[in-house]
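In my numbering, the protein residues as written are 17 to 179.
These notes are about the structure you will find just below.
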């Protein structure tokens with residue numbers, strides 16, 4: 017006589033920082049285990065009675081299902097354009113422009129990390145962190161030196177009557 021007991025599959029969840037948030041990969045499907053207990057009996061041929069032998073137990077181990085869960089942090093960059101400021105330069109000719117500082121774009125970097133519950137495999141986002149790099153203003157000097165123009169004007173002639 018045999019009795020069979022099933023060992024159900026359990027699941028192990030493993031965080032994978034290279035796998036995108038929300039994705040899962042089954043690494044091992046797993047398999048049920050079982051315990052088979054077999055009882056045998058010995059017959060006493062002289063009086064016809066039976067006695068139970070020591071039962072044999074054969075155990076097949078359960079293989080755990082393994083699921084990798086994506087917890088790769090997400091990074092979102094938002095550019096911040098630089099501004100241009102124009103400054104008066106009385107030493108340069110009118111209309112001439114000279115860039116004194118090159119503009120550099122800034123950005124806002126929002127990083128979200130995730131936490132996985134090892135029992136259920138559920139992943140929840142953590143509070144995002146934000147890092148801001150301010151832009152550098154572009155500065156352009158514009159020549160405003162006045163142009164001095166001298167014109168010779170002939171002296172006026174005045175005719176006076178000579179008596």
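A virtual CB, placed ideally from N, CA and C, is assigned to each residue, including glycine.
| Item | Value |
| --- | --- |
| Residue 140 to residue 125, Cα distance in whole Å? | 20 Å |
| Taking C-alpha atoms, which residue in 38, 131, 154, 55 lies nearest to residue 113? | 154 |
| Using a threshold of 6 Å, is the CB atom of residue 63 nearer than that to any non-hydrogen atom of the ligand GTP? | With respect to the ligand GTP, the structure offers nothing, as it holds no ligand at all. |
| What residue range does the beta strand (DSSP E) around residue 155 cover? | 154 to 161 |
| Taking the alpha-carbon of residue 80 as reference, which of 73, 144, 46, 65 has the nearest alpha-carbon? | 46 |
| Within 10 angstroms of the Cβ of residue 157, are there 16 or more other Cβ atoms? Answer buried if so, exposed if not. | buried |
| Classify residue 29 as buried or exposed, calling it buried when 16 or more other Cβ atoms lie within 10 Å of its own Cβ. | buried |
| Does the region 127 to 144 come close enough to the region 84 to 93 to have 3 or more Cβ pairs within less than 8 Å? | yes |
| Residue 131: which of 20, 21, 27, 38 sits nearest, CA to CA? | 38 |
| Please give me, in chain order, every unbroken run of the beta strand (DSSP E) with length at least 3 that falls completely inside the region 101 to 167. | 113 to 117, 122 to 128, 130 to 132, 139 to 141, 145 to 149, 154 to 161 |
| How long is the line joining the alpha carbons of residue 163 and residue 94, rounded to whole angstroms? | 46 Å |
| Looking at the structure shown, is residue 63 part of a helix, part of a strand, or coil, going by DSSP? | coil |
| Taking the beta strand (DSSP E) that residue 49 falls in, what are its first and last residues? | 49 to 54 |
| Alpha carbon to alpha carbon, what distance is there between residue 44 and residue 33? | 19 Å |
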